[in-house]
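*Asks:*
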Amino acid sequence: MIISSLVAMNADRLIGVNNDLPWKLKDDLEHFKNYSMHKPIIMGRNTFESIGRPLPNRTNIIVSNKLESIEGCYICKSLDEAIELGEKYTNDEIILIGGSRIFEEGMSRVNKLVISWVNAAHLEGDVYFPEFSIDDWLEVSSENFDQSDQNEFAFTIKEYIKK
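Start counting the sequence shown at 80; every next residue gets the next number (our numbering).
(1) What is the residue span of the alpha helix (DSSP H) that PHE182 lies within?
(2) Under a Cβ-count criterion, where at least 16 other Cβ atoms within 10 Å of its own Cβ denotes burial, should VAL193 be classed as buried or exposed?
(3) Looking at LYS237 and SER212, is the spacing between their C-beta atoms short of 8 Å?
(4) If I measure Cβ to Cβ from ILE176 and keep anything under 6 Å in the same chain, skipping five residues before and after, which residues do I get?
(5) Which word fits SER148, buried or exposed, when buried means at least 16 other C-beta atoms lie within 10 angstroms of its C-beta?
(6) Starting from PHE234, follow the beta strand (DSSP E) in both directions and report where the run begins and ends.
(7) Going by other Cβ atoms of all chains shown within 10 Å of its Cβ, with 16 needed for buried, is THR138 buried or exposed?
(8) Kindly indicate which three-state DSSP category ALA161 falls into: helix, strand or coil?
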């Protein structure tokens with residue numbers, strides 16, 4: 080079973096500001112949509128609240144001790160419970176989509192990283208991806224996107240598998 084983290088971050092590992100993304104990258108959102116389609120996605124409560132609704136054509140699983148029920152979503156009390164539930168909906172891949180606590184807690188279980196490296200240094204923010212050593216990962220693909228009217232910053236989507 081592949082358990083992946085799907086995330087956009089800059090070199091400082093910034094992933095969020097005020098419960099939102101720190102950039103506008105239409106091509107990255109399109110990649111997120113296409114990559115996660117028809118797969119179980121696991122997120123924390125804050126990430127769900129920033130999205131504001133269940134994402135269509137995916138099994139939406141929220142890890143929370145506060146939420147009781149949300150139409151179109153499963154609520155789990157722990158990441159382990161969420162992964163176990165996700166395994167019932169796929170033989171392929173379960174995707175962690177944030178936030179920082181989900182990424183941090185899941186790092187020991189994740190065997191694939193899909194990172195959109197955003198070329199934007201020294202931005203203000205308050206949510207970061209956990210520290211990790213890129214040397215523990217093998218890059219298997221890379222695709223560059225230029226800054227444009229659709230993308231506030233240039234970025235590169237790289238996929239890594241655990242060595």
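Each residue gets a CB set at the ideal place from its N, CA and C atoms; glycine is no exception.
None of these values were measured; they are calculated from a predicted model.
*Replies:* By the coordinates alone:
(1) Taking the sequence shown and counting its residues from 1, the one referred to as residue 182 is at position 103. Start and end: 179-185.
(2) Your numbering for residue 193 matches position 114 in the sequence shown. Per the 10 Å Cβ criterion, buried.
(3) Counting from 1 along the sequence shown, the entry for residue 212 is found at position 133. Counting from 1 along the sequence shown, the entry for residue 237 is found at position 158. Against a cut-off of 8 Å, the Cβ pair of LYS237 and SER212 comes out as no contact.
(4) Taking the first residue of the sequence shown as position 1, residue 176 is located at position 97. Only LEU85, ILE120, MET122 meet the Cβ criterion.
(5) To locate residue 148, count along the sequence shown from 1; it is residue 69. Label assigned to SER148: exposed.
(6) Along the sequence shown, read from residue 1 onward, the residue named residue 234 stands at position 155. It spans 234-241 - the beta strand (DSSP E) in which PHE234 sits, taken as one unbroken run.
(7) Here residue 138 refers to the residue found at position 59 when the sequence shown is read from its first residue. By the neighbour-count rule (16 or more Cβ atoms within 10 Å), THR138 is buried.
(8) For this step, residue 161 is matched to residue 82 along the sequence shown. Residue state, collapsed to three classes: helix.
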